[in-house]
Every structure is written in C-alpha cells, then in structure tokens.
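Position 7 of the sequence shown, counted from 1, bears residue number 22 in our numbering, the numbering being contiguous throughout.
Virtual Cβ for every residue (Gly too), placed ideally from N, Cα, C.
Bear in mind the structure is a predicted one, so any value in this text is a computation, not a measurement.
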Amino acid sequence: MRFEIMRLDEIDGTAVDSTVVDAASVNGIVQQAAAIGQRLWIRPAETPVS
C-alpha cells in the first residue's frame, strides 16, 4: 500500500509539499517529523484504475 504524506505549514496548516511513499517508509518519516515538531497529514494514496 502507498501513502501520500503532506507536510503542513506551521501557521495555517495548509499543505506545503507532498510525497507518495510505500508503507515501509511511513514510520521513518513520522519519526523524523516528530523529532523536529513537524506537522504531517497522511492518507492512502489514490491508485490509478487499471
């Protein structure tokens, strides 16, 4: 499964940038964000219909 992770602006909470990663990478990104107090929004990535 893939997830979209959006980094949020500290002032108004709008998405500043986003990346799509596999499930195995989510934990590391969350740990890094927690270490510096960064806000994230994580949701399942939309997959194209085949």
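For residue 35, same chain residues with a beta-carbon under 6 Å away, outside a window of 5 residues either side, are 17, 19, 60 in chain order. In the DSSP assignment, residue 51 falls within the alpha helix (DSSP H) that extends over 38-51. Here DSSP, grouped into helix, strand and coil, assigns residue 30 to strand. Judged by DSSP secondary structure, residue 22 falls within the beta strand (DSSP E) whose first and last residues are 17-23.
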